[in-house]
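Asker:
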Amino acid sequence: MTQVCAQVSPFCRLTLLLLAVAVTGCTSLNDSSAVPNPASQQTLDKAIEQYIRAHPEVIEQSLQELETKRETAERARQKVALANRQKELLHDASSPVSGNPNGQVTLIEFFDYRCGFCKRAAGAVTQLQKEDPSVRVVYKDFPILGEPSELAAKAALSANAQGKHQAFHEALLATKNEMTRDELLRVAGEVGLDAKRLDTDMANPEWQTVIDRNRALARELGISGTPGFIVGTELVPGALDVKGLKDLIARVKDGK
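Residues -22 to -1, 1 to 234 in mature numbering (1 follows the signal peptide of the UniProt record, and there is no 0) are what the sequence shown lists, from first letter to last.
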């Protein structure tokens, strides 16, 4: 006989009580004359209420178990989505690439130029590329913090068209100034971009298409904030230091 609960916790006792209610509260389906007994139902309702009052922790426990089940289901769904979208993640020609273009492992980052956590993680991503020549990095512009973020993303995509994305990318994440057009053009000039051309290219409608495509991809993958790092079919939200990035890569390489 299979045991449902190894240890009869308050939550399990409540479950058994509810099962007992279900069994004793049902009459034979063949008995068409059977009618509910209000007094009996009230007694059962009171017993359940008294039990919950005596063991309020069962409510919290049940909610925690429900949340755990939801998280497990979401992770499984996310793994499938990541596996199905490898082409878009790895080989979208519109996504800027840095590091080793032929690297053995690809790190994908969804980010926003105004995101404080993205700024915090920027140095780690740069350091990782210097320390590990096998890493290829793909940047997914995912502006979620308003119009200035979107403008910065379009400027970065324009910088990529000039072949100087990485320098511009690092400079934007390092600046503490607001992402106004003047600031974007100032940074562009500092890193050797053609600022006048960049100013014109920022209006390219293709960039909005790229951003919208990244947003749709993020939504499908369950990414709602920035930064979000992906290696293989593993996604880790939040800022990571160099060790965290290396650990992520190692886990995927080891198949853990």
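Just so it is clear, CB atoms sit at the ideal spot from N, CA and C, and this is done for glycine as well.
Can the beta-carbon of Val116 be found closer than 9 Å to that of Leu67?
Answerer: Residue mapping note: residue 116 aligns to position 138 of the sequence shown, counting from 1. Residue mapping note: residue 67 aligns to position 89 of the sequence shown, counting from 1. Yes, they are a contact pair.
Asker: Tell me the DSSP secondary structure of Leu7 in three-state form.
Answerer: For the purposes of this step, residue 7 is taken as the residue at position 29 of the sequence shown. For Leu7, the predicted structure reports a pLDDT of 45, less than 50, and the residue's modelled location is therefore unreliable. The matter cannot be settled from this model.
Asker: DSSP puts Gly206 in a beta bridge; with which residues?
Answerer: Position 228 of the sequence shown, counted from the first residue, corresponds to residue 206. Answer by DSSP bridge pairing, in chain order: Phe88, Pro215.
Asker: Check whether the Cβ of Glu212 lies closer than 8 Å to any heavy atom of the ligand ZN, and answer yes or no.
Answerer: No copy of the ligand ZN appears in this structure; indeed no ligand is present at all.
Asker: Can you tell me which of the three DSSP states Val75 falls into?
Answerer: By 1-based counting over the sequence shown, the position of residue 75 is 97. In the structure shown, Val75 sits in a strand (DSSP, three-state: E or B).
Asker: Apply the 10 Å Cβ neighbour rule to Arg92 and answer buried if 16 or more other Cβ atoms are within range, or exposed otherwise.
Answerer: Counting from one through the sequence shown, the residue named residue 92 turns up at place 114. Arg92 is buried by the Cβ-count criterion.
Asker: Report the three-state DSSP secondary structure of Asp119 (helix, strand or coil).
Answerer: Counting from 1 along the sequence shown, the entry for residue 119 is found at position 141. Looking at Asp119 - three-state DSSP - the assignment turns out to be strand.
Asker: Starting from His143, follow the alpha helix (DSSP H) in both directions and report where the run begins and ends.
Answerer: Indexing the sequence shown from 1 puts residue 143 at position 165. 143 to 152 is the extent of the alpha helix (DSSP H) around His143.
Asker: Compute the Euclidean distance between the alpha carbons of Arg159 and Ile37, then round it to the nearest angstrom.
Answerer: Taking the first residue of the sequence shown as position 1, residue 159 is located at position 181. Taking the first residue of the sequence shown as position 1, residue 37 is located at position 59. Spanning the two alpha carbons is a distance of roughly 52 Å.
Asker: Can you have a look at Lys97 and say buried or exposed, based on whether 16 or more other CB atoms are within 10 angstroms of its CB?
Answerer: Stepping through the sequence shown from its first residue, residue 97 is reached at position 119. Buried.
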